[in-house]
Structure formats: structure tokens, C-alpha cells
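A short worksheet on the structure shown next.
Numbering (my numbering), first residue to last: 7 to 384.
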């Protein structure tokens, strides 16, 4: 009686075809359900049972491979699914125990049935060790990655919840501030007319009036930003104009700060600017200006460029650097005595909303924060 090689090759070929299909399926975007995982394990178990049936059944030393599907399912699936797989493998083992094609006796080349059994057991141990070691370690790594992603999502949700609470309070404060700002806007021109002979006072009043106008503009921008967030409508603007507009608004806030600009992008490059990006850049510039001022400098650097598939905005200062890079963007974290700890958290939230990232690191003579956004966003 000979080993049915053709039937064995058919079984191995069917398993190879199914493996190719499974690899193709994993590249698809639709989610992988637990029922589908059980179906894949069922196919593997049936093919393995077919191969064992042709080669001695339960007397084949490779019969312990029936434990591999149970081990893999126990590492990744629910209790019900594991019990289902265990029942299927147990039934397959029972069938192979009762019905199978016996192996032909082998007495050539010095082999006996017992020595063949021992060799099969050794090979079986090696195969099971490799399968369990490789697949379970990969499953464990996937679970660790999943837990890490869940933790990151949880931290982002907590941060966004805090930002939302602050935004609610800010909207209420903005509504209350509108009335005193309107009063100041009315009184300041009258005060300037009444004190035309005092040049120093007029200069101070003019500065105060410009700051009041800036506050009113900020309130209007807050309302416009909220409407844009609801509509999610981007604004088309050239990269150069976007950067220059942001710098102009920043210089109204910090006229004493010298911003050294490096702009590397085609003049015709158009941004579909998402709401909040300019606010994020101004926050970064404002933090850099504070850091430089803490060491007696009034200079910050802004580098805007297209770097491969990324649109990058890098802000560098002459400050003391970042003390703790891990918690830098946490809500409430600040290195300034009068800071609120909101600027970097808001900038990071804006970057993540646009599928980008905020990267901070220390450089010689200060710190640098790089806001990177994929060009596909635009």
C-alpha cells in the first residue's frame, strides 16, 4: 500500500490557495469579524484533518497539530469562539481516531515503524514550537499595539473634552467681553481728541485702541472659526499669503518680536487652509517669543516649506529648551509662570484633526516645534 501523494498534493494546494485568498482579504478595508476568523480556522482544521486522514489518522505523530488552532483562537478570540474551535478540533480528532487510511509499513534504509514515529514526533515538536512561538508572539504584539492605540485615543478624548470645556467658557466670556470692548472702542477716540496736546498719551491711547480692535477681531474670528468648523469648508489661499497673514496678525500681538522667516515653496502652491491652522501657528510663535524673551532675546525663527509629502511649519526659539518632551503637549502643561498650558495642546489637536503631527525637540540654543501636515489634506 503506497502513500496517496496526489491526494496529499491536492490538499496542500487547496490550503495554499486559501492562504493566498486570506492574505488578499487582509488587505481589504472592511473589518475582520470574529465569525470570519473562526471560519478561517475551520478551513485550516478541515484541510489538516484531510491530510491526517490520508496518513494514518490519530496514529500519525503530527496529530498534535490539532492543538494549534485551539491555542491561536485562545490568544485572540472570545470564550465562545474558543469553545467552538475546541469542539471542532475534538470532533476531527475523534473521527481520525475511528476512521483513517493506515500508513504503509516502512522497513527500508534502516527505518522501522518505531524510529519513524520518533522522527515524526521530533519534527512535530519543532513545527509546533515554531508555529506557537511565531504566531502567538505576533498576536501578543498586535494586542499590545491595540492597547497602546486605545490608550492614545483615550488620552486624546480626555484632552479634547478639556478643550471643549474651555471653549464653552471662552464663548461665554467672549459674549460678556463684547459690551466693554464696544464701550472702550467708543471712548478711546474721544479721549484722543480731548488730549491732542499730549503726544505721549496719544501714542499710548493709539496703542490701546489698536489692541481693542485686535480683541474685537479675535472675537469675530472665534465666531467665524466656529461656523467654519460646522461647515468644514476650507479656504483656498497661497502658502506665501497664508504665512504672511499669520505673521501680520502675530506682529500686532507681539510687535517687539523679530520673526526670521524662511519660506521654501513654489509661489503657485495653494493651500486649502483648514479652520484653526493659523491660530495654531500663532500659538507656536507666541510660545517661542516667550521662550526667547526669558533668556533676553527678541528673535524667533519660522521655517515654512514643502518637504516631500509634508507641509511643514517649524518654529525655533532662543529659549532654555523643553524640560519634559513627553508631557509637553498635555492640557495645562506650561513652563511659563503666567501661562495657561493651552497653546501646544490646541496646536496638537489642530494637527491631529488634519491627520498631521506636532513634533518637539531641543536644538542648540533653544527648542523647536515642527507642525507637519500631509499635502493630501490640501
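From the three backbone atoms N, C-alpha and C, an ideal C-beta is built for every residue, glycine too. This structure is a prediction, so every number in the text was calculated from the model and none was measured.
Report the CB separation of residue i from residue j in whole angstroms; it is logged as a contact under 8 Å.
i, j, result
"residue 277", "residue 248", "6 Å"
"residue 134", "residue 74", "6 Å"
"residue 191", "residue 218", "5 Å"
"residue 253", "residue 221", "The Cβ separation is near 19 Å, so there is no contact."
"residue 40", "residue 87", "6 Å"
"residue 60", "residue 15", "About 11 Å; that fails the 8 Å criterion."
"residue 375", "residue 321", "5 Å"
"residue 385", "residue 283", "Here the chain covers residues 7 to 384 and nothing more, so residue 385 does not appear."
If you follow the alpha helix (DSSP H) that residue i is part of, which residue opens it and which one closes it?
i, result
"residue 71", "Where residue 71 is concerned, there is no enclosing alpha helix (DSSP H), given that its DSSP letter is neither H nor E."
"residue 285", "283-299"
"residue 23", "11-32"
"residue 253", "245-259"
Could you please give the first and the last residue of the uninterrupted beta strand (DSSP E) stretch that includes residue i?
i, result
"residue 266", "264-270"
"residue 319", "316-322"
"residue 52", "Not the beta strand (DSSP E): residue 52 falls in the alpha helix (DSSP H), residues 40-60."
"residue 309", "305-313"
"residue 83", "It is not in any beta strand (DSSP E) - residue 83 carries neither H nor E in the DSSP assignment."
"residue 379", "372-380"
"residue 6", "Only positions 7 to 384 of the chain appear in this structure, which leaves residue 6 out of reach."
Apart from the five residues on each side of it in sequence, which residues of its chain come closer than 6 Å, Cβ to Cβ, to residue i?
i, result
"residue 245", "271, 275 and 277"
"residue 379", "317, 360 and 362"
"residue 72", "95 and 99"
"residue 21", "53"
"residue 81", "142 and 145"
"residue 297", "323 and 325"
How big is the Cα-Cα spacing for residue i and residue j?
i, j, result
"residue 199", "residue 185", "22 Å"
"residue 258", "residue 358", "28 Å"
"residue 269", "residue 194", "39 Å"
"residue 264", "residue 305", "5 Å"
"residue 68", "residue 33", "32 Å"
"residue 364", "residue 131", "49 Å"
"residue 114", "residue 147", "The pLDDT assigned to residue 114 is 49, lower than 50, so where the model puts this residue is not dependable; a value taken from the coordinates is nonetheless given after this. Their backbone Cα atoms lie some 46 Å apart in a straight line."
"residue 213", "residue 201", "15 Å"
Apply the 10 Å Cβ neighbour rule to residue i and answer buried if 16 or more other Cβ atoms are within range, or exposed otherwise.
i, result
"residue 143", "exposed"
"residue 373", "buried"
"residue 204", "exposed"
"residue 35", "exposed"
"residue 161", "exposed"
Does the beta carbon of residue i come closer than 9 Å to any beta carbon on chain B?
i, result
"residue 192", "No chain B is present in this structure, which holds just one protein chain."
For residue i, I'd like the list of residues in its chain whose CB is within less than 7 Å of its CB, leaving aside the five on either flank, ordered along the chain.
i, result
"residue 327", "368, 372 and 373"
"residue 56", "17"
"residue 300", "325 and 326"
Leaving out five residues before and five after residue i in sequence, what residues of the same chain have Cβ atoms less than 8 Å from its Cβ?
i, result
"residue 77", "138 and 142"
"residue 105", "59 and 63"
"residue 1", "Residue coverage of the chain in this structure runs from 7 to 384, which leaves residue 1 outside it and unanswerable."
"residue 255", "284 and 288"
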